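The numbering of the sequence shown is our numbering, which starts it at 38 and goes up by one. Note that CB positions come from ideal geometry on N, CA and C, so glycine has one too. Everything numeric in this text was worked out from a predicted model, so none of it was measured.
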Amino acid sequence: MTIRPPAPLATLLALAIAPTAQAGDAAGCAAQFEAAQRMDMESFRDYDAETFRAVHDERAVTVFASGAVRYGIDAIMQTLAGHFSGREGLWRWSERYRVVDGCKSAFILYETVYELPSIGYRQRALTGVTYSHNGDTWLAIADQGTPLP
């Protein structure tokens with residue numbers, strides 16, 4: 038599980054959406070990406086639907102571990118509405134692999150666990166997330182879960 042001290046949302050959001058001109062160099066772009074991917078994972082864990090939506094491209098696609106597919110952030114948010122409103126799901130992740138192509142695209146493979154304690158539900162998965170830089174901002178464009186035993 039990734040445990041980091043919480044950073045103020047405003048700071049993370051500012052880093053994630055800072056214009057490339059400010060990020061400018063490779064180190065700046067890397068910091069911007071790090072903030073964006075943390076916001077993606079932490080906003081889901083923390084039931085922050087607004088931030089979760091903000092770090093996804095409108096055209097994002099999600100392939101759930103069940104095989105269900107949702108196209109577009111509106112459809113994804115509708116499917117995840119129960120998670121954000123119910124505030125019961127427990128989300129943990131560990132990064133297993135990362136590739137970042139400058140300030141263009143990135144992929145992270147996480148080992149994830151999602152639990153609903155009230156019903157005894159527990160799902161382990163490998164979850165791959167692809168990010169794209171649109172010239173100003175890093176956004177998640179695709180994620181896919183593969184169930185683990």
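Any idea if Q69 is buried or exposed, counting beta-carbon neighbours within 10 angstroms, 16 or more meaning buried? By one-based count along the sequence shown, residue 69 stands at place 32. Burial call: buried.
Quick one: Cα of W175 to Cα of P186, how far? Taking the first residue of the sequence shown as 1, we reach residue 175 at position 138. Taking the first residue of the sequence shown as 1, we reach residue 186 at position 149. One C-alpha to the other measures close to 32 Å.
Given 8 Å, three or more beta-carbon pairs between the segment 127–140 and the segment 103–118: no
Look up V92 in the DSSP assignment and give the residues it is bridged to. In the sequence shown, counting from the first residue as 1, residue 92 sits at position 55. According to DSSP, V92 bridges with nothing at all.
Nearest-angstrom Cβ-Cβ length linking V92 and A73, presumed shorter than 8 Å: In the sequence shown, the residue the question calls residue 92 occupies position 55. In the sequence shown, the residue the question calls residue 73 occupies position 36. Rounded, the Cβ-Cβ distance is 6 Å, consistent with contact.
Residues sharing a beta bridge with Y84, DSSP: Taking the sequence shown and counting its residues from 1, the one referred to as residue 84 is at position 47. Note: Y84 sits in no beta bridge, so no partner.
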